[in-house]
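Colleague: For reference, the structure I am asking about is given below.
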Amino acid sequence: MKLTIPYFLMFVYLKLNVYICNTLLIITIVNSGGIILRLKEVLEHYNLTSSTFADTIDVQRSSISHLLSGRNKPSLDFVMKVVNKFPDVDLYWLLYDEGSFPKKKEERKKVEETITEEISKETKIETPTLFSENTITEPEVRKISNTRFSANDKKLLKVVLLYDDGSFEEYNK
Numbered sequence: 283m284k285l286t287i288p289y290f291l292m293f294v295y296l297k298l299n300v301y302i303c304n305t306l307l308i309i310t311i312v313n314s315g316g317i318i319l320r321l322k323e324v325l326e327h328y329n330l331t332s333s334t335f336a337d338t339i340d341v342q343r344s345s346i347s348h349l350l351s352g353r354n355k356p357s358l359d360f361v362m363k364v365v366n367k368f369p370d371v372d373l374y375w376l377l378y379d380e381g382s383f384p385k386k387k388e389e390r391k392k393v394e395e396t397i398t399e400e401i402s403k404e405t406k407i408e409t410p411t412l413f414s415e416n417t418i419t420e421p422e423v424r425k426i427s428n429t430r431f432s433a434n435d436k437k438l439l440k441v442v443l444l445y446d447d448g449s450f451e452e453y454n455k
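Numbering of the sequence shown is given in my numbering, commencing with residue 283 and proceeding in unit increments.
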């Protein structure tokens, strides 16, 4: 079932409120419960946790949690981030459950490789290697001098004798 939206609703506020107007239209026309179910299907398909999914589409982790629990409804910005990051997700499938997920099998392999590459690029951490720094340091030479400790300010408390058989003797003052 497709609904047509009169043009005057879409362009009620031409400047600052267009984004808000479009967001409200998605929320009121689209069944957000269906979007949440399809979002869970996307997470299962790509074997992603809600945290990695949030990091991938660059939203806060709490927003994914709130969406999946039904506390919040998805915004237009959120839906567009999902569709842009995961080309295998069709916009009409996500919003209206029209079409299929994932897209055709031929396209599926390309899309999965692209997404896997993007995720690995984003999570790649440079680890320093043994030769990552080419700095040569001179050994530090220090003079060692024999110094005597003055016995005037120190008091003997205990003497422990250790023997090679593992036994010991302890003498207290």
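Here a beta-carbon is modelled for each residue, glycine too, at the ideal position from N, C-alpha and C.
#1: Check this for me: beta carbons of residue 442 and residue 450, under 8 Å apart or not?
#2: Roughly how many angstroms lie between the CA atoms of residue 307 and residue 361, to the nearest whole one?
#3: Measure how close the beta-carbons of residue 367 and residue 338 come, nearest whole angstrom, since I'm counting them as under 8 Å.
#4: Assuming residue 355 contacts residue 314 (C-beta within less than 8 Å), just tell me the rounded distance between them.
#5: Taking its Cβ as the centre, do 16 or more other Cβ atoms sit within 10 Å of residue 333, making it buried, or is it exposed?
#6: Looking at residue 365: is its Cβ nearer than 8 Å to the Cβ of residue 383?
#7: Just curious, the alpha helix (DSSP H) that residue 261 is in, first and last residue?
#8: Which whole-angstrom value is the C-beta distance of residue 455 and residue 444, which I expect to be below 8 Å?
#9: Could you check where the beta strand (DSSP E) with residue 440 kicks off and where it finishes?
#10: Would you mind working out which of 400, 321, 381, 377 sits nearest residue 350, comparing C-alpha positions?
#11: CA-CA distance, residue 379 and residue 398?
#12: When the distance is taken between beta carbons, is residue 352 closer than 8 Å to residue 318?
Modeller: Taking the coordinates as given:
#1: yes
#2: At residue 307 the pLDDT is 48, less than 50, meaning the model places this residue with poor confidence and gives no usable figure here.
#3: 6 Å
#4: 4 Å
#5: exposed
#6: no
#7: Residue coverage of the chain in this structure runs from 283 to 455, which leaves residue 261 outside it and unanswerable.
#8: Their Cβ separation, rounded to whole angstroms, is 19 Å, which puts residue 455 and residue 444 out of contact at 8 Å.
#9: 440-444
#10: 321
#11: 25 Å
#12: yes
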